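Remarks on the structure that follows.
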Amino acid sequence: MPVSTWREAMERALYGPDGFFVRQAPASQFRTSVHASSQLSTAIATLVHKVDAVLGHPDRFDIVDIGAGRGELLEALRVQLADPRLRFTAVEIADRPPGLSPDISWLREVPTGTVGLVVATEWLDNVPVDVVGRDGDGVARLLLTDGTLGPAADPETVDWLAAWWPDFEQAEAGLTRDRAWRSALAGHTGLALAVDYGHTKDQRPFFSTLTGYREGRQVQPAPDGSTDITAHVAMDSLSTGESILISQRDALRALGITGARPPLSLASSDPRRYLRALVAATEAAELTDPAGLGGHWWLLEGRGVDVARCFP
Ligand SMILES: C[S@@+](CC[C@H](N)C(=O)[O-])C[C@H]1O[C@@H](n2cnc3c(N)ncnc32)[C@H](O)[C@@H]1O
Numbered sequence: 209m210p211v212s213t214w215r216e217a218m219e220r221a222l223y224g225p226d227g228f229f230v231r232q233a234p235a236s237q238f239r240t241s242v243h244a245s246s247q248l249s250t251a252i253a254t255l256v257h258k259v260d261a262v263l264g265h266p267d268r269f270d271i272v273d274i275g276a277g278r279g280e281l282l283e284a285l286r287v288q289l290a291d292p293r294l295r296f297t298a299v300e301i302a303d304r305p306p307g308l309s310p311d312i313s314w315l316r317e318v319p320t321g322t323v324g325l326v327v328a329t330e331w332l333d334n335v336p337v338d339v340v341g342r343d344g345d346g347v348a349r350l351l352l353t354d355g356t357l358g359p360a361a362d363p364e365t366v367d368w369l370a371a372w373w374p375d376f377e378q379a380e381a382g383l384t385r386d387r388a389w390r391s392a393l394a395g396h397t398g399l400a401l402a403v404d405y406g407h408t409k410d411q412r413p414f415f416s417t418l419t420g421y422r423e424g425r426q427v428q429p430a431p432d433g434s435t436d437i438t439a440h441v442a443m444d445s446l447s448t449g450e451s452i453l454i455s456q457r458d459a460l461r462a463l464g465i466t467g468a469r470p471p472l473s474l475a476s477s478d479p480r481r482y483l484r485a486l487v488a489a490t491e492a493a494e495l496t497d498p499a500g501l502g503g504h505w506w507l508l509e510g511r512g513v514d515v516a517r518c519f520p
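Residue numbers for the sequence shown follow this note's numbering, beginning at 209 and rising by one.
Here is the structure:
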């Protein structure tokens, strides 16, 4: 493997011809909120109803999923929201999976002129980033895959770090994620939702969060395509518009996913219903666990609409 910056290594290892995400489904390697429970799509379906009302029930309502994996979220939403006005679009680098519903379009690039909801769950953490360290003179330099420091960071990266992550030994420069998010929303009207693990300025780590995943286990990130390579997202630098940043736990609770257990009395009066409710409560508990998926962030951004009217 040639020595390179981590941004170049991520690009090649994740999305190159034999890249990690090109070769296999994300669900085969780790568990995201989408795979944990259909209650995530239930909550997003509630959002769709709200945004639809705010937009005045347009003739066509787009649901665009960026970094759609194998289309699992869109399949769930399609079943939950039977409405002929809905247009489902997956945006993915990987090929369209066989057997996907023909109601779902599969694109490589984010479409423009969409009206409705754009969603991106655990996409931005896989958008390649530069990892930056400081040399003995305090100059910010790009970390290379052999662990040494390479060229000095460019002025825009230095400015981003000064504004968003001033205090670090090693940091990820979120500029590439900010640009990816803003460019994805440029042609959209309605609500946009990014769900990811990340941090905000008041609690940035001192060291890089770059890590790898393989077969469900956290491992050293490898630049050869054998592992996922991911880093937490600076969630507060993404949006330039009106937005709400809230934990997944609080967001799901606001949307009615509480994780409350069914009353024990139901076990004898209606055992099947009790069992179903218990499974739902267990899944909701996983989605809202503050030490796990519940600690992920929801960034809700309004595009031509008042975001506060789209979220309870
Ligand atoms: C961690 S997976 C998340 C999959 C799914 N959204 C979920 O939550 O389970 C990230 C996905 O984003 C896709 N991806 C990354 N960058 C992309 C880009 N620029 N355009 C489209 N898809 C992208 C990857 O191929 C991968 O399938």
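Even glycine gets a Cβ: it sits at the ideal position worked out from N, Cα and C.
Since we're looking at a predicted model, the values are computed, not measured.
C-beta atoms of residue i and residue j nearer than 8 Å
i	j	result
Ile465	Phe519	no
Ser309	Arg286	yes
Gly406	Trp331	no
Gly467	Ala485	no
Asp333	Thr438	yes
Gly503	Asp226	no
Asp354	Val487	no
Phe229	Tyr421	no
Val272	Pro319	yes
Val337	Arg220	no
Gly358	Leu350	yes
Val299	Ala284	no
Val340	Ala361	yes
Leu399	Leu289	no
Ala392	Val326	yes
Local conformation of residue i per DSSP, three classes
i	result
His265	coil
Trp373	coil
Pro319	coil
Leu383	helix
Asp436	strand
His504	coil
Tyr405	coil
Arg412	coil
Thr365	helix
Thr490	helix
Gln378	strand
Thr250	helix
Thr240	coil
Pro523	Here the chain covers residues 209 to 520 and nothing more, so residue 523 does not appear.
Pro201	Residue 201 is absent from the model: the chain starts at 209 and stops at 520.
Beta bridge counterpart(s) of residue i as assigned by DSSP
i	result
Ser313	Thr297
Val337	Answer is none; Val337 lacks a bridge partner.
Val326	Val272 and Ala400
Glu509	Ala400 and Ser451
Thr419	Thr438
Arg425	Arg422
Arg342	Ala348
Leu357	Leu351
Thr213	Leu352
Outcome for residue i when other beta-carbon atoms lying within 10 angstroms are tallied against a minimum of 16
i	result
Val427	exposed
Ile301	exposed
Ala492	buried
Phe415	exposed
Arg385	buried
Gly324	buried
Asp303	exposed
Glu380	buried
Asp478	exposed
Met443	buried
Val335	buried
Glu377	exposed
Val259	buried
Val347	exposed
Asp218	For clarity, residue 218 is Met in the given sequence; the question names Asp instead. The residue is buried, with at least 16 neighbouring Cβ atoms inside 10 Å.
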